[in-house]
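K.L.:
First, the structure itself, so that you have it in front of you.
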Amino acid sequence: QEACKLLKATDMYIYEVSSELGYEDQYYFSRIFKKVVGVSPRDYKNGDYFYCE
1 QEACKLLKAT DMYIYEVSSE LGYEDQYYFS RIFKKVVGVS PRDYKNGDYF YCE
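Residue 53, in full-length UniProt numbering, is where the sequence shown stops; the numbers in between run on with no holes.
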């Protein structure tokens, strides 16, 4: 949920969000995010997705 909040409510880049949440590898974060949420972090940030809420 924190990742979704940061992606939607801030202008942070995906690598900044992943780092903020303790992930050293942005690509690993993106894979996990897509597995859990169903869309990539980029698509979530740029689209009308609200799966985490």
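By construction, the Cβ of each residue, glycine as well, lies at the ideal position given by its N, Cα and C atoms.
Just so you know, these numbers come straight off a predicted model, no measurement behind them.
Can you say whether Y44 is buried or exposed, counting buried as having 16 or more other CB atoms within 10 angstroms of its CB?
P.N.:
It counts as buried.
K.L.:
Kindly list the residues whose CB is nearer than 6 angstroms to the CB of Y15, restricted to its own chain and excluding five residues on each side of it in sequence; keep chain order.
P.N.:
Q26
K.L.:
Tell me which residues share the same chain as Q1 and place their Cβ nearer than 6 angstroms to its Cβ, disregarding the 5 neighbours each side in the sequence.
P.N.:
The residues are C52.
K.L.:
In whole angstroms, what is the alpha-carbon distance linking S30 and K8?
P.N.:
15 angstroms
K.L.:
To the nearest angstrom, report how far apart E20 and Y28 are at their CA atoms.
P.N.:
If I take the Cα positions, the gap works out to 14 angstroms.
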